[in-house]
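Peer 1:
Numbering (the numbering used here), first residue to last: 654 to 1051.
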């Protein structure tokens, strides 16, 4: 009730609680048998439901939950939830409110029960945001993502109006940012960034601003400057050096060729700090890094933790093209170690690959990081290039 008030209220009003209990029992029951444990578990549900004469609709929901129990955590932790197209695609898989509530409760319980080290406020916020956005989509008669963007602009404008900032103040800024910008950032982020930047459309020096994350633990760092190579790389190195983990990153280039990047950070070793002093330090030191043309010093991966040493597994790296776009998804699953993100960034820079979006997901001692990337000049990567990239990254991480 105190740790999960939203889930508590949803569960309290859930009529057939045994559906969730059975879904929890069967969702991982087939692990270790070989094959897709979600599909195998769903077959076990069929047998159980037949033996126990479960109502058809209850059987169908339990089976769907077991088959689909990974999609909410995957979407929340690996995709860009500020993009209405992501919400639309997810909602089409969910189809209705009952499925959404059931899957949300099962997903929270599943992650929380895995290990206290796997669950944190960051993941709680991601899941809650996905739940609310999907519920809103389902209850609004499935509005198009174009309509969602229009509403996002209207909500951002209302927030700005509270600060007496009118449309004529930021019209030019939004035009320079371009249409894609509104797919990448939420209305709250748009309003915050607009407040900071509407009078600095083409600054000659980097603008760095830091704040507490509005809806959860950690801090946010905004970087706005003329686009140049290695911005992401230098940023990763800096945060590694000061002991902050990047939980997520939005990497965006405006129509007038300015980098507009947002990093969500978590303290690797939480401690009592003066946030005012920390924010000023980050703003000053990161500005100096960008104005200094020197390359970042190489960072060596830390040794594997004792837990990772005894429970180590093979690194898995995959790259695939997203439909017919010049964008590729890179997924890296490996032991989590200090310096990993900087190393990945170093390797991508060497291969002339740019990062457009990053979702960093740590599960205990395991890292599951997802990146949207583009090759030089947005050209297509050949199969040979993809295989070479995977081979080099495996060698660097090993």
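Just so it is clear, CB atoms sit at the ideal spot from N, CA and C, and this is done for glycine as well.
Bear in mind the structure is a predicted one, so any value in this text is a computation, not a measurement.
Spatial neighbours of residue 786 within its chain, please: C-beta separation below 7 Å, excluding the five flanking residues on both sides.
Peer 2: Answer for residue 786: 734, 740, listed in chain order.
Peer 1: I need the straight-line Cα distance from residue 1033 to residue 1011, nearest angstrom please.
Peer 2: The alpha-carbon atoms of residue 1033 and residue 1011 are separated by roughly 20 Å.
Peer 1: Identify whether residue 897 lies in helix, strand or coil by the three-state DSSP scheme.
Peer 2: The answer is strand: DSSP assigns residue 897 an E or B state.
Peer 1: Can you round the beta-carbon distance between residue 672 and residue 711 to whole angstroms, since I take them to be within the 8 Å contact cut?
Peer 2: Contact holds; Cβ gap of about 6 Å.
Peer 1: Does the count of Cβ pairs from the region 933–945 and the region 886–899 closer than 8 Å reach three?
Peer 2: The region 933–945, when compared against the region 886–899, does touch it at the 8 Å Cβ threshold.
Peer 1: Let me check understanding here. Comparing Cα to Cα, which of 823, 829, 799 lies closest to residue 810?
Peer 2: Checking every option, the nearest Cα to that of residue 810 belongs to 823.
Peer 1: Where does residue 1043 fall in DSSP's three states?
Peer 2: DSSP places residue 1043 in helix when its eight states are reduced to three.
Peer 1: Can you name the start and end residues of the alpha helix (DSSP H) that residue 729 belongs to?
Peer 2: That run of the alpha helix (DSSP H) goes 724–731.
Peer 1: Indicate whether the contact test is met: 3 or more Cβ pairs, each with one atom in the region 745–757 and one in the region 776–790, closer than 8 Å.
Peer 2: Contact between the region 745–757 and the region 776–790 is present, because at least three Cβ pairs lie under 8 Å.
Peer 1: Return the residue from the list 1029, 745, 684, 762 that minimises the CA-CA distance to residue 674.
Peer 2: Measuring from the Cα of residue 674, the nearest candidate turns out to be 762.
Peer 1: Check for me: the beta strand (DSSP E) holding residue 751 runs from which residue to which?
Peer 2: Run containing residue 751: none in the beta strand (DSSP E); it sits in the alpha helix (DSSP H), 750–767.
Peer 1: Under 8 Å, with one C-beta from each stretch per pair, do the region 814–823 and the region 764–772 reach the 3-pair mark?
Peer 2: They do not touch, by the three-pair rule.
Peer 1: When the distance is taken between beta carbons, is residue 718 closer than 9 Å to residue 779?
Peer 2: Cβ atoms of residue 779 and residue 718: not closer than 9 Å.
Peer 1: By Cβ distance, which residues of its chain are closer than 6 Å to residue 668, with the 5 residues on each side in sequence left out?
Peer 2: Cβ within range, chain order: n/a, list empty.
Peer 1: Tell me, please, whether the CB atom of residue 985 is closer than 9 Å to any CB atom in chain C?
Peer 2: Considering every chain present, this structure includes no chain C. It has just one protein chain.
Peer 1: Give the DSSP-derived three-state secondary structure of residue 855 in the structure shown.
Peer 2: Coil, per DSSP.
Peer 1: Distance check for residue 980 and residue 1050, CA to CA, integer angstroms please.
Peer 2: Their backbone Cα atoms lie some 23 Å apart in a straight line.
Peer 1: Does the Cβ-Cβ distance between residue 859 and residue 834 come in under 9 Å?
Peer 2: Contact flag unset, no.
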